[in-house]
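The structure appears right after this line, and notes come after that.
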Amino acid sequence: NRGKGSAIRTGLARALAGPATHVLFIDGDLQHDPADVPRLVEAAERTGADLVIAERAFTKGQMPTARFYSNRIGSRILSSFIGTEVADSQSGFRLIRADRLRRLELTATGYEIETEMLIKLTRAGASLERISIPARYHGAKSKLRSFRDTFRTCMLAVRYRYLTRHPDTV
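If you're matching positions, the sequence shown starts at 3 in this note's numbering and goes up one per residue.
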């Protein structure tokens, strides 16, 4: 296993080799209900958004405490850096236009790939639509390491905010 980011990049290479107009991402941890897929498609069609994020509507009691705080902190930092409100920056349930993805150079190998996508897409002027979905937690142990992965995600956001001289071409 080379990490979530590596798996996503491998899958994208295959998906984008064909005539796809959009690519749907859905994490395999059963936190997202596949029955909500039509809602993402409808939001993209209705608004013309390049990126639709299904944000989990969670409260502190629903989500494991460490994940709740790490997601909140990471989402707030990222929102301030990209200039667009994102309440669930680590949502693994997204629909993105394939033409945007074909021009996107992703390098992340871990969980921070969602942040990298958001930063690079918004920098390139991609439009974003957010929809709310219920959060589903089944008590299964997550592979996410809250502190480490939040730190890596925040450092990626800082790097793109302050250390990258030229906007990414997407």
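Built from N, CA and C at the ideal position, the CB exists for glycine as well.
- In terms of Cα proximity to Leu-130, the closest of Thr-49, Arg-11 and Tyr-71 is Thr-49.
- A residue is called buried once 16 or more other Cβ atoms fall within 10 Å of its Cβ, and Glu-118 is buried on that count.
- The alpha-carbon separation between Gly-94 and Ser-82 amounts to approximately 20 Å.
- Pairing Thr-111 with Arg-4 gives a Cβ-Cβ distance under 8 Å.
- The DSSP-derived three-state label of Phe-27 is strand.
- If you ignore the 5 residues before and after Ser-8, its C-beta comes within less than 6 Å of the C-beta of Thr-111, all in its own chain and listed in chain order.
- With respect to Arg-104, Leu-18 sits close: the two C-beta atoms are nearer than 8 Å.
- Of the residues Val-43, Ala-59, Gly-127 and Leu-106, the one whose Cα lies closest to the Cα of Arg-138 is Ala-59.
- Counting only residues of its own chain and dropping the five nearest sequence neighbours on each side, Arg-132 has a CB closer than 6 Å to the CB of Ile-55 and Glu-57.
- The continuous alpha helix (DSSP H) containing Arg-125 extends over residues 115–125.
- According to the DSSP assignment, Arg-105 belongs to no alpha helix (DSSP H), since it is labelled neither H nor E.
- Just so you know, the alpha carbons of Ala-45 and Ile-135 end up roughly 13 Å apart.
- In the DSSP assignment, the residues bridged to Ile-98 are Val-25 and Leu-53.
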